[in-house]
Amino acid sequence: MKRFSKNLNGDDSSKHLDSDTHNALRDPDRNAGLSPMRVMGIFVACLIVLSVLFSVNVVLRDPPSDAVYGASKARVLEVEPNKSSEDQFSESVEVPKDKLLGGLLTAGFDKGSCVSRYQSASYRKEMPHKPSSYLLSRLRSYESLHKRCGPNTESYNKAVEQLKSGHHPSSLDCNYVVWISFSGLGNRILTLASAFLYALVTNRVLLVDPGVDMVDLFCEPFPEVSWFLSMDFPLKNQFDSLGQKSPHCYGEMMRKSNLTNTDELVLPSFVYLHLSHDYNYQDKLFFCNQDQSFLEKIPWLVVRTDNYFVPSLFLIPSFEQELNNLFPRKETVFHFLGRYLFHPTNVVWGLITRYYQAYLAKADERIGIQIRVFDTGTGPFQHVFDQILSCVLKENLLPETSGQDFIASPSGRPKSKAVLMTSLSSGYFEKLRDMYWEHPTVTGEVIGIYQPSHEEYQQTEKQTHNRKAWTEMYLLSLTDVLVTSSWSTFGYVAQSLGGLTPWILYKPENRTAPDPACKRAMSMEPCFHAPPFYDCKAKTGVDTGALVPHVKHCEDMSWGLKLVDRSDEL
Ligand code: GDP
Numbered sequence: 001m002k003r004f005s006k007n008l009n010g011d012d013s014s015k016h017l018d019s020d021t022h023n024a025l026r027d028p029d030r031n032a033g034l035s036p037m038r039v040m041g042i043f044v045a046c047l048i049v050l051s052v053l054f055s056v057n058v059v060l061r062d063p064p065s066d067a068v069y070g071a072s073k074a075r076v077l078e079v080e081p082n083k084s085s086e087d088q089f090s091e092s093v094e095v096p097k098d099k100l101l102g103g104l105l106t107a108g109f110d111k112g113s114c115v116s117r118y119q120s121a122s123y124r125k126e127m128p129h130k131p132s133s134y135l136l137s138r139l140r141s142y143e144s145l146h147k148r149c150g151p152n153t154e155s156y157n158k159a160v161e162q163l164k165s166g167h168h169p170s171s172l173d174c175n176y177v178v179w180i181s182f183s184g185l186g187n188r189i190l191t192l193a194s195a196f197l198y199a200l201v202t203n204r205v206l207l208v209d210p211g212v213d214m215v216d217l218f219c220e221p222f223p224e225v226s227w228f229l230s231m232d233f234p235l236k237n238q239f240d241s242l243g244q245k246s247p248h249c250y251g252e253m254m255r256k257s258n259l260t261n262t263d264e265l266v267l268p269s270f271v272y273l274h275l276s277h278d279y280n281y282q283d284k285l286f287f288c289n290q291d292q293s294f295l296e297k298i299p300w301l302v303v304r305t306d307n308y309f310v311p312s313l314f315l316i317p318s319f320e321q322e323l324n325n326l327f328p329r330k331e332t333v334f335h336f337l338g339r340y341l342f343h344p345t346n347v348v349w350g351l352i353t354r355y356y357q358a359y360l361a362k363a364d365e366r367i368g369i370q371i372r373v374f375d376t377g378t379g380p381f382q383h384v385f386d387q388i389l390s391c392v393l394k395e396n397l398l399p400e401t402s403g404q405d406f407i408a409s410p411s412g413r414p415k416s417k418a419v420l421m422t423s424l425s426s427g428y429f430e431k432l433r434d435m436y437w438e439h440p441t442v443t444g445e446v447i448g449i450y451q452p453s454h455e456e457y458q459q460t461e462k463q464t465h466n467r468k469a470w471t472e473m474y475l476l477s478l479t480d481v482l483v484t485s486s487w488s489t490f491g492y493v494a495q496s497l498g499g500l501t502p503w504i505l506y507k508p509e510n511r512t513a514p515d516p517a518c519k520r521a522m523s524m525e526p527c528f529h530a531p532p533f534y535d536c537k538a539k540t541g542v543d544t545g546a547l548v549p550h551v552k553h554c555e556d557m558s559w560g561l562k563l564v565d566r567s568d569e570l
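Laid out in structure tokens, this is it:
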């Protein structure tokens with residue numbers, strides 16, 4: 001009970017109040033002679049004592065193993081559960097500085113239908129970079145195009161009729177990129193952003209195959225007209241059969257005709273673009289200027305990809321100027337497109353905000369650790385845990401633990417760090433949590449370790465599984481410092497959305513923790529895992545990571561490409 005002898009300010013006023021009140025209540029004779037003012041004073045004193053005892057109890061009760069102390073400096077919103085679902089997320093503590101993200105988002109959406117669009121800014125630090133005015137104007141003109149040509153508009157219905165007829169139309173009003181839902185969620189988010197950027201620079205309208213869960217995960221990003229394909233879209237039932245060998249596949253068309261000149265190809269009503277990791281030499285011609293001149297004439301392009309192909313768009317000469325105007329700072333491409341396109345639906349936003357408020361909001365610092373193990377076998381693996389520990393300690397992201405029994409915090413209130421771990425396995429989380437529970441930190445800091453789920457294995461088609469995956473990517477993006485795993489698109493989404501340059505854990509070889517364990521990334525951009533290495537003009541192989549200063553090989557995959565900003569260009 002000693003702990004109750006001091007109030008929160010460290011003085012002993014609670015003790016005085018305590019004895020005064022106690023005496024007054026114990027001694028009825030003393031009470032009998034009391035004036036009404038004194039009785040009132042005692043009553044107020046009782047209230048104060050109760051309130052102080054309550055506060056002290058809340059702060060000093062035994063913490064759970066992974067608790068976080070600390071004053072809230074959070075960018076937090078309150079959720080009011082008794083309101084209707086449309087307005088259940090009500091803003092309180094801090095009004096977001098810039099809800100529309102520097103003009104990236106357009107106003108005029110129904111707020112209740114997608115709460116995250118308006119609330120997300122409150123959970124983040126101010127955007128580290130501002131979008132260019134050219135990007136903003138191109139987004140606004142894209143929205144107008146989408147409104148005119150999107151699903152169920154007159155132009156769309158006309159274009160669909162032409163598609164059904166199988167003939168190439170004589171005049172083109174609206175042109176489309178149709179994105180097929182394919183691969184893991186991180187991959188899908190990156191490929192959708194890539195397809196959108198391609199649509200933006202080629203004046204096409206992006207249409208999205210809803211797949212099994214896209215509608216459940218993401219709000220509509222464009223005003224008034226949906227980005228989802230209509231149910232009666234004529235090619236919908238053919239998506240599964242569209243592959244590298246199908247006659248509409250661009251690579252196959254090029255291979256069969258054995259042409260060097262696209263001018264001699266007959267114009268089809270649609271073309272299928274196979275841009276997934278197993279694509280061949282002919283499929284990769286997509287990244288050549290001359291082939292883009294041909295594709296420009298095709299009203300419907302249907303694309304299947306599991307790659308963030310943006311870096312190679314920057315190497316197509318006819319796109320170069322436009323892309324430079326849109327993104328004077330190259331490493332912001334996914335950061336801005338991601339924040340523009342991907343707004344969690346209300347059900348996912350509930351998962352995100354409840355978790356954030358319960359476990360992360362009150363910490364002085366939030367650290368994300370994303371663990372993705374591509375080894376066979378179930379894990380957890382000791383070498384992976386050793387690697388995580390080596391990285392966070394060497395880079396001073398988390399403090400060392402001590403062999404002593406007890407270390408008091410040098411200041412009155414210990415600094416708190418909340419660590420958000422994500423992994424399919426719970427093993428790494430449990431080890432780290434136990435380590436910081438069983439030993440004090442040398443700095444006296446309090447470390448809380450949290451992991452929202454451990455799904456054990458990837459379950460791409462399952463709705464609740466993908467909700468959790470999206471929630472976790474988003475929560476990682478709300479941290480202050482991020483550690484990610486090599487090769488993982490899950491991590492790329494988190495880092496770029498969050499505007500965070502992560503420490504990347506090197507991929508372990510031969511079940512051994514690499515040394516060094518991790519490296520700070522050059523930029524927050526995702527890596528393109530399967531880029532072409534072809535000089536379209538010279539028709540020879542070339543190292544596409546050495547052509548321009550802003551397209552470099554990735555830190556985590558030597559043959560991959562990523563966008564970076566040269567320090568002398570900033
Ligand atoms: P990548 O394979 O790491 O590039 O990321 P993807 O997101 O494309 O595919 C991995 C999938 O496995 C995710 O979409 C999830 O379904 C699942 N997954 C992998 N790691 C995690 C994790 O830490 N948490 C959750 N909830 N799911 C994960």
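Each residue of the sequence shown is one higher than the last, beginning at 1 in UniProt numbering. A virtual CB, placed ideally from N, CA and C, is assigned to each residue, including glycine. A quick note: this is a predicted structure, and the numbers were derived from the prediction, not measured.
Item: Can Leu229 and Leu197 be called in contact, C-beta distance under 9 Å?; Value: no
Item: DSSP puts Gly448 in a beta bridge; with which residues?; Value: Ala418
Item: If we require 4 or more residues per run, which alpha helix (DSSP H) segments fall completely within the region 188-242?; Value: 214-217
Item: Shortest alpha-carbon distance to Ser194 belongs to which of Val493, Met254, Pro452, Glu509?; Value: Val493
Item: Counting pairs of beta carbons, one from the region 166-180 and one from the region 111-125, are three or more of them closer than 8 Å?; Value: no
Item: For Leu528, list the residues DSSP reports as bridge partners.; Value: The identity of residue 528 in the sequence shown is Phe, whereas the question assumes Leu. DSSP, once it has assigned bridges, lists Leu561 as partnering Phe528.
Item: Could you check which residue in Trp300, Ile371, Asp283 has the C-alpha nearest to that of residue 585?; Value: Residue 585 cannot be examined here, being either before or after the span of the chain that is shown, 1 to 570.
Item: Let me know the beta strand (DSSP E) ranges lying completely inside the region 370-429, each 3 residues or longer, listed in chain order.; Value: 416-422
Item: Mind listing, in chain order, the continuous beta strand (DSSP E) runs of no fewer than 3 residues lying wholly within the region 458-497?; Value: 481-485
Item: When we look at the beta-carbon of Ser55 and count the other beta-carbons within 10 Å, is it buried (16 or more) or exposed?; Value: Low per-residue confidence applies at Ser55: pLDDT is 36, beneath 50, and the placement is therefore not dependable enough to give any value.
Item: Output the distance between the C-alpha atoms of Leu100 and Val225, rounded to the nearest integer angstrom.; Value: 20 Å
Item: To which residues of the same chain is Cys249 closer than 6 Å at the C-beta, ignoring the five residues directly before and after it?; Value: Tyr272, His274
Item: Is Ser496 near the ligand ZN, with its Cβ less than 8 Å from a heavy atom?; Value: Ligands in the displayed structure: the ligand GDP; the ligand ZN is not one of them.
Item: Could you check whether Pro131 and Gly102 sit closer than 9 Å to each other, using their CB atoms as the reference points?; Value: yes
Item: Can you look up Cys536 in the DSSP assignment and give me helix, strand or coil?; Value: coil
Item: When burial is assigned at 16 or more other CB atoms within 10 Å of the CB, is Met254 buried or exposed?; Value: buried
Item: Give the secondary structure of Lys164 by DSSP, where H, G and I count as helix, E and B as strand, and everything else as coil.; Value: helix
Item: Helix or strand or just coil, what does DSSP make of Pro169?; Value: coil
Item: Looking at Ala469 and the ligand GDP, is the gap between the Cβ and the nearest heavy atom below 8 Å?; Value: yes
Item: I need the DSSP call for Cys149, collapsed to helix, strand or coil.; Value: helix
Item: Between Leu487 and the ligand GDP, is there a pair consisting of the residue's CB and a ligand heavy atom that are separated by less than 8 Å?; Value: Reading the sequence as shown, one finds Trp at residue 487 and not Leu. At least one heavy atom of the ligand GDP is nearer than 8 Å to the Cβ of Trp487, so yes.
Item: Is it true that the CB of Gly541 sits closer than 9 Å to the CB of Arg124?; Value: no
Item: Span of the beta strand (DSSP E) holding Val333?; Value: Per DSSP, Val333 belongs to no beta strand (DSSP E); it is in the alpha helix (DSSP H), 333-341.
Item: Within a Cβ cutoff of 6 Å, which residues of the same chain sit near Glu555, ignoring the five residues on either side of it in sequence?; Value: Ile504, Lys519, Ala521
Item: Are the Cβ atoms of Ser246 and Phe287 separated by less than 9 Å?; Value: no
Item: Taking the alpha helix (DSSP H) that residue 578 belongs to, which residues open and close that run?; Value: No answer is possible for residue 578: it lies beyond the span of the chain, which begins at 1 and ends at 570.
Item: Taking Cβ positions, are Ser390 and Asp515 nearer each other than 9 Å?; Value: yes
Item: Just to confirm my understanding: we take Pro221, look at its own chain, exclude 5 residues before and 5 after, and list those with CB closer than 8 Å. What are they?; Value: Trp227, Tyr340, Leu341, Phe342, His343
Item: Between which residues of its own chain and Ala71 is the CB-CB distance below 6 Å, once the five residues before and five after are set aside?; Value: For Ala71, the predicted structure reports a pLDDT of 30, less than 50, and the residue's modelled location is therefore unreliable. A value from the coordinates is still provided. None.
Item: Do you know offhand how far residue 571's Cα is from His553's?; Value: The structure shown has nothing for residue 571, since the chain only spans 1 to 570.
Item: So, at 8 Å on beta carbons, what are the nonlocal neighbours of Gly10 in its own chain, with the 5 sequence-adjacent residues on each side left out?; Value: Low confidence applies here, because Gly10 scores a pLDDT of 28, under 50, leaving its location unreliable; read the following figure in that light. So the list reads Gly412, once near-sequence residues are dropped.
Item: Work out the CA separation of Ser269 and Trp300 for me, nearest whole Å.; Value: 7 Å
Item: Are the region 409-426 and the region 455-468 touching by the rule of at least three beta carbon pairs closer than 8 Å?; Value: yes
Item: Go through its chain and collect everything with a Cβ distance to Ser155's Cβ below 8 Å, but skip five positions before and after it.; Value: Arg148, Cys149, Asp173, Cys174
Item: Name the one or two DSSP bridge partners that Trp179 has.; Value: Val208, Val303
Item: Under the three-state reduction of DSSP, which class applies to Ala32: helix, strand or coil?; Value: Unreliable positioning characterises Ala32 in this predicted model, as indicated by a pLDDT of 33, which lies under 50. A coordinate reading is not provided.
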